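**Q** Residue numbers (the numbering used here), protein chains in the order written: chain A, 1 to 352; chain B, 1001 to 1352.
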């Protein structure tokens, strides 16, 4: 097919807007529509809605089904939510109309472990309609799962995996900061964890599930721990001031146990201005086994642009994939789209 | 299929033997035969031939076609050679009999750039017989190509890629050391490069070709440079002594140019005992773009066991792949096989 690949973006927030802007830079892709959840924005020119500063002569839609029937997309990129229960209606509406879906909703990265019945249902629907659904994003979807899996490929034996992502929350807005307990006194932080207002990282069970499934390890239990990162210094961002003694963020970890033994341990402490206490941001993977493998990058891969890039770069992956609900471990590795997307699609007749 | 996957190993040297020993440790795999090129070893018990120290009641074969017709393998792992011209006859014999092939021959990692006609011929033959051929190994096949490609997936734009692998040749035998010019005076080293006896790393055009193809970058030219790593100190291994002023190894680099500009630069200096001059062994990837990404591991991933593990861990990949000649960038990422291989094969009817 030498027609451009027709793409709609579902979600007109920060991520959806970034995805739309990047799509416009790529050869062989056509942005044929964008749908926001907030009905009051409907009709706004997409070019202005996404901060492009010029008209695209494309109005922002609010009715996804109507948009799909009008725009006939090959692929939709979903950037509206985090949970599968929230993502599900849009995914089913798209899949039911024969549209491939890339979702950055964290729980879509690997829903088979936490939501096996719903995952099976989406998988069946996708197979019935001959399309694929792929969850991606920097994390879950890349750093603490896909990279770990790929790296384990050089191992004759894996005894234990530890992966760590230390990032800086300073660029984020009030809702993210609140979900990480930033600015709370330690007791309030712990109460927030109990009541569910302090959630920390969203995606550990997905990452552990994806790694365990890819390696064939039976993880019988996942244990998560959320502790306040109590600041010794004053830390200030546009949206929050953390005084000494308050939480600068959440030290969130998860352990996957197999045979009662910790085999997959993931650390993802998130805080504002970690450098103020000499904490370096990084991504690090350590595999104990034969051989032992260590890989690290400083600073960490930025989450926002990383997720936006993955969503766009995965377009050829979802078009080439066999029908069904897939994880990043089940498609060829993502690659930066630097040429025409139509040139990197598989040329084989059976997959065209 | 709940029958074990039937595997033959082609090649009974150090790599083939390591692959056979690892296969025996994995659930769901059956080693059903092994074939060596040296006819005088035929009939030796494979268990003793591979250094297992016990009989496997399986004689080492020397006639590959006869072995395949007797053993009915699902997959063959080829560990006999480096070049495509050398690997070709065995691959065609296997593919022509409906056997999937994993090859650690360096040129099979990505033969489309250097040998497009032969690659197309093998691809057609594989499609005709409904099987897949996959080249793998630590390098080419993983460090300087697959990891680079996967990492670029988080980039909205890639301006330039630099990847470096610094390793230690000390464990290697005389033929590898000679090919790297170890122990030669600088003039003799340069003469060896001219005459083709000093080859350095085998696989740069394959790695650059794989990265360029995956990202959709048109690399019009690849330039390689081989310089002696002149030692300042005495370096000694079991097989060679390097005096100060002699080459401890080969500083081999390659650059892929697009639009006259270097876009993919790979460095792979190989020498004995690099630590004697304070040189740390490592794997490092640096992507300039948006965002910039850096990832490094110290020491380097060991080449021997890494290649052996990749060959075995790719068995489910080659069984699940669409028919044809594939590179590591075209199948899902490898993963350590820790459970039963049959549990990680895709369960979908159309791929079973």
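All C-beta atoms in this analysis are idealised placements derived from N, C-alpha and C, irrespective of residue type, glycine included.
What you are looking at is a predicted structure, and each value in this text was computed from that prediction instead of being measured.
Are residue 8 of chain A and residue 59 of chain A close, meaning C-beta to C-beta below 7 angstroms?
**A** Not a contact, by the Cβ cut-off of 7 angstroms.
**Q** If you run the structure through DSSP and keep just helix, strand and coil, what is residue 74 of chain A?
**A** Correct three-state label for residue 74 of chain A: coil.
**Q** Decide if the stretch 154-165 of chain A is in contact with the stretch 286-298 of chain A; the criterion is three or more beta carbon pairs, one per stretch, under 8 angstroms apart.
**A** Yes, since at least three Cβ pairs between the stretch 154-165 of chain A and the stretch 286-298 of chain A fall closer than 8 angstroms, the two stretches touch.
**Q** In chain order, which continuous runs of the alpha helix (DSSP H) of length 4 or greater are located wholly inside the stretch 46-91 of chain A?
**A** Counting only runs of 4 or more, we get 46-49 and 64-71.
**Q** Express the C-alpha separation of residue 98 of chain A and residue 193 of chain A in angstroms, rounding to a whole number.
**A** Distance between the alpha carbons of residue 193 of chain A and residue 98 of chain A: 40 angstroms.
**Q** Going by beta-carbon coordinates alone, are residue 235 of chain A and residue 268 of chain A separated by less than 7 angstroms?
**A** Contact flag unset, no.
**Q** For residue 14 of chain A, go through chain B and note every residue whose CB falls closer than 7 angstroms to its CB, in chain order.
**A** In chain order: nothing, as chain B lies at least about 15 angstroms away.
**Q** Determine the burial state of residue 1048 of chain B: buried for a count of at least 16 other Cβ atoms within 10 Å of its Cβ, exposed for fewer.
**A** The residue in question, residue 1048 of chain B, is exposed, as its Cβ has fewer than 16 Cβ neighbours within 10 Å.
**Q** Suppose you measure from the CA of residue 349 of chain A to the CA of residue 1257 of chain B; what does that come to, to the nearest Å?
**A** For residue 349 of chain A, the predicted model reports a pLDDT of 41, less than 50, meaning its position is unreliable and no value from the coordinates is stated.
**Q** What residues match up with residue 286 of chain A in a beta bridge as DSSP calls it?
**A** DSSP, once it has assigned bridges, lists A/162 and A/294 as partnering residue 286 of chain A.
**Q** Quick one, which residues of the stretch 1130-1149 of chain B are near chain A if we go by CB-CB under 8 angstroms, in chain order?
**A** Within the stretch 1130-1149 of chain B, the qualifying residues are 1138, 1142, 1146, 1147 and 1149.
**Q** If we cut at 7 angstroms on Cβ distances, does residue 1003 of chain B have a partner in chain A?
**A** No, because no Cβ of chain A sits closer than 7 angstroms to the Cβ of residue 1003 of chain B.
**Q** Can the beta-carbon of residue 67 of chain A be found less than 7 angstroms from the beta-carbon of residue 61 of chain A?
**A** Yes, they are a contact pair.
**Q** Counting only beta-carbon separations shorter than 7 angstroms, does residue 1152 of chain B have a partner in chain A?
**A** It does: the Cβ of residue 1152 of chain B has a partner Cβ on chain A nearer than 7 angstroms.
**Q** Taking the beta strand (DSSP E) that residue 326 of chain A belongs to, which residues open and close that run?
**A** Run containing residue 326 of chain A: 324-326, per the beta strand (DSSP E) assignment.
**Q** Leaving out five residues on either side along the sequence, give the residues of the same chain with a beta carbon under 6 angstroms from the beta carbon of residue 1221 of chain B.
**A** Cβ within range, chain order: 1257.
**Q** Excluding the 5 residues flanking residue 291 of chain A on each side, which residues of the same chain have their C-beta closer than 6 angstroms to its C-beta?
**A** Excluding positions up to five away in sequence, the list is empty.
**Q** I think residue 1207 of chain B touches residue 1140 of chain B, with their Cβ atoms under 8 angstroms apart; what is that distance to the nearest whole Å?
**A** Going by Cβ atoms, the distance from residue 1207 of chain B to residue 1140 of chain B rounds to 5 angstroms, so yes, they are a contact pair.
**Q** Taking Cβ positions, are residue 1168 of chain B and residue 1324 of chain B nearer each other than 7 angstroms?
**A** No; because the gap between Cβ atoms is not below 7 angstroms, this pair is not in contact.
**Q** Starting from the C-beta of residue 30 of chain A, find all residues in its chain whose C-beta is less than 8 angstroms away, skip the five residues before and the five after it, and write them out in chain order.
**A** Excluding sequence neighbours, residue 30 of chain A sits near 4, 5, 6 and 7.
**Q** Closer than 7 angstroms, CB to CB, is residue 1339 of chain B near chain A or not?
**A** It does: the Cβ of residue 1339 of chain B has a partner Cβ on chain A nearer than 7 angstroms.
**Q** Can you tell me which residues form a DSSP beta bridge with residue 100 of chain A?
**A** Residue 100 of chain A is bridged to A/75.
**Q** Under a CB-based cut-off of 7 angstroms, is residue 1301 of chain B close to chain A?
**A** Chain A contact via Cβ: present.
**Q** Going straight from the alpha carbon of residue 1129 of chain B to that of residue 1224 of chain B, what length do you get?
**A** Computed Cα separation, rounded: 37 angstroms.
**Q** State the Cα-Cα distance for the pair residue 166 of chain A and residue 276 of chain A, rounded to the nearest angstrom.
**A** When rounded, the distance between both Cα atoms is 14 angstroms.
**Q** Which complete beta strand (DSSP E) runs does the stretch 127-162 of chain A hold, if anything under 3 residues is left out?
**A** Qualifying beta strand (DSSP E) stretches, in chain order: 132-135.
**Q** Have a look at A/10, A/188, A/25 and A/14 and flag the residue whose alpha-carbon is nearest the alpha-carbon of residue 33 of chain A.
**A** The shortest Cα separation from residue 33 of chain A among A/10, A/188, A/25 and A/14 belongs to A/10.
**Q** So, at 6 angstroms on beta carbons, what are the nonlocal neighbours of residue 1337 of chain B in its own chain, with the 5 sequence-adjacent residues on each side left out?
**A** Once the five neighbours on either side are set aside, the close Cβ partners of residue 1337 of chain B are 1026 and 1313.
**Q** Kindly list the residues whose CB is nearer than 8 angstroms to the CB of residue 1091 of chain B, restricted to its own chain and excluding five residues on each side of it in sequence; keep chain order.
**A** Closer than 8 angstroms at Cβ, skipping near neighbours: 1078, 1101, 1103, 1108, 1122 and 1133.
**Q** Could you check whether residue 84 of chain A and residue 118 of chain A sit closer than 7 angstroms to each other, using their CB atoms as the reference points?
**A** In contact: residue 118 of chain A and residue 84 of chain A (Cβ atoms closer than 7 angstroms).
**Q** Which residue from A/113, A/244, A/321 and A/14 puts its Cα closest to that of residue 131 of chain A?
**A** Here the closest residue by C-alpha is A/321.
**Q** If you draw a straight line from the C-alpha of residue 310 of chain A to the C-alpha of residue 1086 of chain B, how long is it?
**A** Computed Cα separation, rounded: 39 angstroms.
**Q** Distance cutoff 7 angstroms, beta carbons only. Does residue 1316 of chain B sit that close to anything in chain A?
**A** No, residue 1316 of chain B lies away from the interface with chain A (no Cβ there is under 7 angstroms from its Cβ).
**Q** What do you get for residue 1211 of chain B, buried or exposed, if any count of 16 or more other CB atoms within 10 angstroms of its CB means buried?
**A** With 16 or more Cβ atoms within 10 Å of its Cβ, residue 1211 of chain B is classed as buried.
**Q** In or out: residue 1080 of chain B buried (at least 16 other Cβ within 10 Å) or exposed?
**A** Its Cβ being crowded by 16 or more others within 10 Å, residue 1080 of chain B is buried.
**Q** Comparing C-alpha positions only, which one of B/1307, B/1126, B/1056 and B/1185 sits nearest to residue 1232 of chain B?
**A** For residue 1232 of chain B, the nearest C-alpha among the options comes from B/1185.
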